[in-house]
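Engineer:
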């Protein structure tokens, strides 16, 4: 009974601390300000977002590696420290050194955040092997709630105090919340029968990477990335170009954040009941339709389609950790999921180059084709 109570406490704490790791989603509000203040192009001012998303995947892989050497709690602490140090560096970036924002917010922020996040999702799954979809939805869902609460706060800070103060305030908030990670503990090796994982093979990362399923899952997840990465960081500014006022564009960002949250909470829970593949099929189909529609949409339709893209992304990032543990077990979940995210990270980093080479409209068409390709790959796992 004590173990049963303890695991619910661990789940609650991990979910609350995961609020911090919604940090990429504030960039859609920071991007217009940084673009103007530092005199950057749209692609350059969107780059910190794509870097933090891309490096985040490497951070997940590193976090899983560190778990087996220094433990989950220490991994969360040091990952959070590196993340906050990176955000502080980004806040201090001089006007003639905008690349420090890429390094601080993007690279260090993504690496540290990924390390901590990998433990905050893997450890609760180990406590709840029979409810992986629910646990994934709760822990990763808090990442989406971060966007809806932090975006208006960041917008107010930016308009009232400017970029540096806004980023410093965000850093302080994240540093305080990250301390909760010190309360997250791994389940004991000898667990009670009611939380013992069902008998299944527990793949090490090396064993997993020798299977065809690993590459199919990694590629399928990567193909969902372009739609979101090409839309989210410029959602506010692009919405204003498509006929929305500044207030309406911010409201569209908020609506998209709500959709992201719904995807994170509801869809993993639904997948426990209907199956992962059915839910993923609906998501990739919706993504292909929505992102292609964004090539022409304006006004309210733009807001609706952008929200659909964010709903899909929320579902994808919440479902794939469960897909990985379904196929490869939970014992090495942190490292295994980090390895699966390699394709996700590469896709995130390559998207700005795609935007520069192809332009906004053609990039969205390519993103729609990528979603359609992911739809076809679902049949292979």
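Numbering (my numbering), first residue to last: 1 to 381.
All residues carry an ideal CB built from backbone N, CA and C; glycine is no exception.
Computed from a predicted model, the values in this text were never measured in an experiment.
Please report how far the alpha carbon of residue 11 lies from the alpha carbon of residue 24, in whole angstroms.
Structural biologist: C-alpha separation (whole angstroms): 23 Å.
Engineer: With a threshold of 8 Å, are at least 3 pairs of Cβ atoms found where one atom belongs to the stretch 109-128 and the other to the stretch 16-23?
Structural biologist: Touching, yes.
Engineer: Is there contact here, the stretch 219-235 with the stretch 341-350, by at least three beta-carbon pairs under 8 Å?
Structural biologist: Taking 8 Å as the limit for Cβ pairs, the verdict is that the stretch 341-350 does touch the stretch 219-235.
Engineer: Looking at C-beta atoms only, is the number of pairs between the stretch 169-180 and the stretch 78-89 that lie closer than 8 Å three or more?
Structural biologist: Segments in contact, yes.
Engineer: In the DSSP assignment, find the unbroken alpha helix (DSSP H) run with residue 107 in it and report its ends.
Structural biologist: First-last for residue 107: undefined, no H or E at that position.
Engineer: Looking at residue 110: is its Cβ nearer than 8 Å to the Cβ of residue 52?
Structural biologist: In this structure, residue 52 lies closer than 8 Å to residue 110 by Cβ.
Engineer: Let's test the definition: count the other Cβ atoms within 10 Å of the Cβ of residue 199 and tell me whether it reaches 16, buried, or not, exposed.
Structural biologist: Note on residue 199: pLDDT 49, under 50, position unreliable in the model; no value is reported.
Engineer: Can you look up residue 186 in the DSSP assignment and give me helix, strand or coil?
Structural biologist: The answer is coil: DSSP assigns residue 186 none of H, G, I, E or B.
Engineer: Answer yes or no: do residue 364 and residue 285 have a C-beta to C-beta separation smaller than 8 Å?
Structural biologist: The answer is no: Cβ separation not under 8 Å.
Engineer: Roughly how many angstroms separate the alpha carbons of residue 106 and residue 48, rounded to a whole number?
Structural biologist: C-alpha separation (whole angstroms): 5 Å.
Engineer: Does the beta-carbon of residue 146 have 16 or more other beta-carbons within 10 angstroms, so that it is buried, or is it exposed?
Structural biologist: The residue is buried, with at least 16 neighbouring Cβ atoms inside 10 Å.
Engineer: Determine the DSSP secondary structure at residue 96, reduced to helix, strand or coil.
Structural biologist: Coil at residue 96, not helix or strand.
Engineer: Roughly how many angstroms lie between the CA atoms of residue 194 and residue 50, to the nearest whole one?
Structural biologist: Note that residue 194 scores a pLDDT of 46, beneath 50, so its modelled location is shaky; the value from the coordinates is reported in the next line. When rounded, the distance between both Cα atoms is 41 Å.
Engineer: Mind pulling the beta strand (DSSP E) runs of 3 or more residues that sit fully within the stretch 127-152?
Structural biologist: Fully enclosed beta strand (DSSP E) runs of 3 or longer: not present.
Engineer: If you draw a straight line from the alpha carbon of residue 166 to that of residue 29, how long is it in whole angstroms?
Structural biologist: Going by the C-alpha atoms only, they are around 11 Å apart.
Engineer: Just to confirm, are residue 143 and residue 154 a CB contact at a threshold of 8 Å?
Structural biologist: The answer is no: Cβ separation not under 8 Å.
Engineer: On a Cα-Cα basis, can you pick out the residue from 76, 326 and 272 that is closest to residue 381?
Structural biologist: Comparing Cα-Cα distances from residue 381 to each of 76, 326 and 272, the minimum goes to 326.
Engineer: DSSP state of residue 338, grouped into three classes?
Structural biologist: Correct three-state label for residue 338: helix.
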